[in-house]
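See structure below.
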Amino acid sequence: MAEVILMPRLSDTMTEGVIAAWHKNVGDTVKKGDLLAEIETDKATMELESYQDGVLLHIGTPNGGKLQVNDLLAIFGKPGEDISDLLKIHGGNSAAPAPAATVETAAPATASIPEPTSSATSGIDVSAMEEVVLMPRLSDTMTEGVIASWQKNVGDVVKKGEVLADIETDKATMELESYKDGILLYQGAQPGEKILVNDLLCIIGKEGLDVAAIVAAVKAGSGSAASVPAPAAAPALAATSTVAAPSAATSASVSEPEVVNTGRIFASPLAKRIAAEKGIDLKYVKGSGDNGRITKIDIDQYTPATAVAASAPAAKSASPVVSNAAVGQVSYTDVPVSQMRKVIAKRLSESLFTAPHFYLTMQIDMDAAIAARTKINEVASVKVSFNDLVVKATAMALKKHPKINSSWMGDFIRYNDHINIGVAVAVDEGLLVPVVRFADSKSLSQIGAEVKDFAQRAKDKKLQPSDWEGSTFTISNLGMFGIDQFTAIINPPDACILAVGGISQEPVVKNGQVVPGNIMKLTLSCDHRVVDGATGAAFLQTLKQLLEEPVRMLV
Numbered sequence: 002m003a004e005v006i007l008m009p010r011l012s013d014t015m016t017e018g019v020i021a022a023w024h025k026n027v028g029d030t031v032k033k034g035d036l037l038a039e040i041e042t043d044k045a046t047m048e049l050e051s052y053q054d055g056v057l058l059h060i061g062t063p064n065g066g067k068l069q070v071n072d073l074l075a076i077f078g079k080p081g082e083d084i085s086d087l088l089k090i091h092g093g094n095s096a097a098p099a100p101a102a103t104v105e106t107a108a109p110a111t112a113s114i115p116e117p118t119s120s121a122t123s124g125i126d127v128s129a130m131e132e133v134v135l136m137p138r139l140s141d142t143m144t145e146g147v148i149a150s151w152q153k154n155v156g157d158v159v160k161k162g163e164v165l166a167d168i169e170t171d172k173a174t175m176e177l178e179s180y181k182d183g184i185l186l187y188q189g190a191q192p193g194e195k196i197l198v199n200d201l202l203c204i205i206g207k208e209g210l211d212v213a214a215i216v217a218a219v220k221a222g223s224g225s226a227a228s229v230p231a232p233a234a235a236p237a238l239a240a241t242s243t244v245a246a247p248s249a250a251t252s253a254s255v256s257e258p259e260v261v262n263t264g265r266i267f268a269s270p271l272a273k274r275i276a277a278e279k280g281i282d283l284k285y286v287k288g289s290g291d292n293g294r295i296t297k298i299d300i301d302q303y304t305p306a307t308a309v310a311a312s313a314p315a316a317k318s319a320s321p322v323v324s325n326a327a328v329g330q331v332s333y334t335d336v337p338v339s340q341m342r343k344v345i346a347k348r349l350s351e352s353l354f355t356a357p358h359f360y361l362t363m364q365i366d367m368d369a370a371i372a373a374r375t376k377i378n379e380v381a382s383v384k385v386s387f388n389d390l391v392v393k394a395t396a397m398a399l400k401k402h403p404k405i406n407s408s409w410m411g412d413f414i415r416y417n418d419h420i421n422i423g424v425a426v427a428v429d430e431g432l433l434v435p436v437v438r439f440a441d442s443k444s445l446s447q448i449g450a451e452v453k454d455f456a457q458r459a460k461d462k463k464l465q466p467s468d469w470e471g472s473t474f475t476i477s478n479l480g481m482f483g484i485d486q487f488t489a490i491i492n493p494p495d496a497c498i499l500a501v502g503g504i505s506q507e508p509v510v511k512n513g514q515v516v517p518g519n520i521m522k523l524t525l526s527c528d529h530r531v532v533d534g535a536t537g538a539a540f541l542q543t544l545k546q547l548l549e550e551p552v553r554m555l556v
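For the sequence shown, the positions run 2 to 556 when our numbering is used.
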């Protein structure tokens, strides 16, 4: 009897997969363990092996096609076996006619706005074309990528495995390799421009391919024609705006907004909510998502025509006031938000406004740690920093206090048996948190070498997703910048984060006498849903003992 293979979930955040390459064709005999296909997930391109013997009777989508998790991927069986019933049950035949059905249903809605390319593109099924390369999801939080540089130009011969481009994601700049051979016929964006995940990145094929028709079909199918006004917004990348420019506003003409959506309007829940708050009618907003779906970006970029027209008289009337002010000129520079900064804003806002934070601060006498570090560095192959001492001591303290090494998972609390410590590293664009894995089992020299390597690769934008995923606790150290004490925002899904200040000389009382001492302040930010005050205090007491008597770390 024929067996159905569904698209598996190959990562914890995967919702869909793109077929990078099929290694078996329909009619081929497949054995258990044979490489069936390469599947591009949200984190990596992974090999999918067959877990049974049989003949490949059906594939759910060709190379370059996308399938949702649990969609029909393939059917195995005996040669000549009837699989029509299985295709009906799993909708295996519905993928091919879908583009034609979309054109038929969309025709009445767009009849009043003729598209010159519709006749040329109506018969093109872009989802079935292996020449089309879409922007992949290179990290679990990536929604769009910026083309840092193209390594291949239009007309160049491209081989499988060669680097096509450097893509700047929200966390790092990563190399994108080609998964097929051919000629680069089209680039979806120039260096410095951004492309949404699953939007057209490039076209790789043979000479003579009708590139214009494919590009038009992609734009018509995804609604990305809304991106045409982008050049007008491009000057905002480094545009300096001044108040003394009323003449530009006076050129705006009064016009009624154009209705671009009729009938049922597709929009994300967030886009609907923001539109309602701003009083925007969605029938005037052009969507840039799949099938013209309106997203938050479309709402943010929407400017009503009436608002533009209304600004003209206001600017005109304001011109005498500005001209009378001869003291100076108000000016500002708009800089677009980088991918990394967007994710930092999103994740830390969610953390601060979702997790109830509380903070515990403790002073550490670092005299013994300073003396121990000096002795260690006399014989160590890698120079050990005070931050390395804090990482090692924290790992050992977490071993004694597993409730700190935990995560809030909604319906349950996860207590992690392994200790992976994220170390915050500042880079020009923001902040990265590479992870020292199994830190409790590593020596000070190993921790020091690993942290230094992470810091260098973070500055060179060479970190990979595997380097910053999987932390169970985070340390943020600003002591080297002269900061005595601060509070940090928890890095989800961790339950706690340790903020480390600098070492400063302060008067302390020892043996009844006031003497100079070297004091470092630590502040533990805790998620009160998981950690209580007494639990956090006990953890800090253990950490204090380890740092004030470093010999304990050797036991």
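Beta carbons are placed, not taken as given, at the ideal position from N, Cα and C, and that holds for glycine.
Values in this document were obtained by computation on a predicted structure and should not be read as measured data.
Can you give the Cα-Cα distance for Leu11 and Gly471, rounded to whole angstroms?
Rounded to whole angstroms, Leu11 to Gly471 spans 16 angstroms at the Cα level.
Assigned exposure category for Tyr180 - 16 Cβ within 10 Å defines buried
So Tyr180 ends up on the buried side.
Thr170 and Met143 - do their beta-carbons sit closer together than 8 angstroms?
Contact flag set, yes.
Using a Cβ-Cβ cut-off of 6 angstroms (strictly less than) and excluding sequence neighbours within five positions of Ala356, which residues of its own chain qualify?
Once the five neighbours on either side are set aside, the close Cβ partners of Ala356 are Ile491 and Asp528.
Suppose you measure from the CA of Lys463 to the CA of Ala456; what does that come to, to the nearest Å?
Looking at the two C-alpha atoms, the distance is approximately 10 angstroms.
Which residue wins for smallest C-alpha separation from Lys33, given the options Ile40, Leu57, Glu17 and Glu163?
Of the listed residues, the one whose Cα sits closest to Lys33 is Leu57.
Is it true that the CB of Ala539 sits closer than 8 angstroms to the CB of Thr475?
In this structure, Thr475 keeps its C-beta atom at 8 angstroms or more from the C-beta atom of Ala539.
Own chain residues within Cβ distance below 8 angstroms of Ala311, not counting five before or after
Caution is warranted here: a pLDDT of 45 is assigned to Ala311, below 50, making its placement in the model unreliable, and no coordinate value can be reported.
Could you tell me the distance, in whole angstroms, from the CA atom of Glu178 to the CA atom of Asp301?
Taking the straight line from one Cα to the other gives about 33 angstroms.
CB of Leu165 within 8 angstroms of CB of Val159, strictly
Yes, Cβ-Cβ distance for Leu165 and Val159 is below 8 angstroms.
Give the DSSP bridge partners of Thr30, in chain order.
Paired residue(s): Val56.
Going by DSSP in three states, Lys287 sits in which element: helix, strand or coil?
Coil, per DSSP.
Nearest-angstrom Cα separation, counted from Lys453 out to Ser382
Taken atom to atom, the span from the alpha-carbon of Ser382 to that of Lys453 is near 13 angstroms.
Is Gln330 near the ligand FAD, judged by its Cβ being under 7 angstroms from some heavy atom?
The ligand FAD is absent from the structure shown, which contains no ligands of any kind.
Please list, in chain order, all residues of the same chain as Gln188 whose beta carbon is under 7 angstroms from its beta carbon, the five residues on each side excluded.
Closer than 7 angstroms at Cβ, skipping near neighbours: Trp151, Val155 and Cys203.
Closest by C-alpha distance to Ala75, when choosing among Thr543, Glu131, Thr42 and Asp29
With distances taken between Cα atoms, Ala75 lies closest to Asp29.
Where does Val147 land, buried or exposed, given buried means 16+ other C-beta within 10 angstroms?
Classification of Val147: buried, given that the 10 Å Cβ count is 16 or more.
By Cβ distance below 7 angstroms, which residues in the same chain neighbour Lys401 in space, the five residues on each side in sequence not counted?
Excluding five sequence positions before and after Lys401, the CB atoms of its chain that fall closer than 7 angstroms to its own CB belong to Thr543, given in chain order.
Can you tell me which of Ile420, Gly518 and Leu445 puts its alpha carbon nearest to the alpha carbon of Arg438?
Residue nearest to Arg438 within the set Ile420, Gly518 and Leu445 is Ile420 (criterion: CA-CA distance).
Bridge partners for Gly183 per DSSP, in chain order?
Answer by DSSP bridge pairing, in chain order: Val159.
Runs of alpha helix (DSSP H) wholly within the region 61-91 (minimum 4 residues, chain order)
Entirely contained in the region 61-91, the alpha helix (DSSP H) runs reaching 4 residues are, in chain order, 85-91.
Once the 5 residues before and after Gln506 are set aside, which same chain residues still bring their CB inside 8 angstroms of it?
Here the set comprises Pro517, Gly518, Asn519 and Ile520.
Below 7 angstroms CB to CB, which residues in the same chain sit around Ile371 once its five sequence neighbours on both sides are set aside?
The beta carbon of Ile371 sits closer than 7 angstroms to those of Asn519, all from its chain and outside the five residues before and after it, given in chain order.
Whole angstroms is fine: what's the gap from Ile386's alpha carbon to Pro508's?
In the sequence as displayed, the identity of residue 386 is Ser instead of Ile. Distance between the alpha carbons of Ser386 and Pro508: 24 angstroms.
Would you call the CB atoms of Trp469 and Leu433 closer than 8 angstroms?
Taking 8 angstroms as the Cβ cut-off, Trp469 and Leu433 qualify as a contacting pair.
Buried or exposed: Ser477, going by 16 or more other Cβ atoms within 10 Å of its Cβ?
Taking all protein chains shown into account, Ser477 has 16 or more neighbouring C-beta atoms within 10 Å of its C-beta and is therefore buried.
Could you tell me the distance, in whole angstroms, from the CA atom of Tyr416 to the CA atom of Glu131?
Roughly 45 angstroms separates the two Cα atoms.
My output table needs one value for Phe540: the three-state DSSP class, helix, strand or coil.
Reduced to three states, the DSSP call for Phe540 is helix.
Would DSSP call Asp167 helix, strand or coil?
For Asp167, the three-state secondary structure derived from DSSP is strand.
Span separating the alpha-carbon of Ala346 from that of Asp335:
Taking the straight line from one Cα to the other gives about 18 angstroms.
Report the start-end ranges of each beta strand (DSSP E) in the region 435-502 that is 3 residues or longer and not cut off at the edges.
Runs found: 474-478.
Restricting to Cα atoms, I'd like to know which of Pro63, Ala500, Pro493 and Asp200 is closest to Phe354.
For Phe354, the nearest C-alpha among the options comes from Pro493.
What is the rounded straight-line gap between the Cα of Asn388 and the Cα of Ala500?
Taking the straight line from one Cα to the other gives about 11 angstroms.
Using three-state DSSP, classify Val424 as helix, strand or coil.
Strand, per DSSP.
Measure the CB-CB distance between Glu17 and Leu68 and report whether it falls below 8 angstroms.
Yes, these two residues count as a Cβ contact at 8 angstroms.
Are the CB atoms of Met341 and Gly431 within a distance shorter than 8 angstroms?
Note that the C-beta distance between Gly431 and Met341 is below 8 angstroms.
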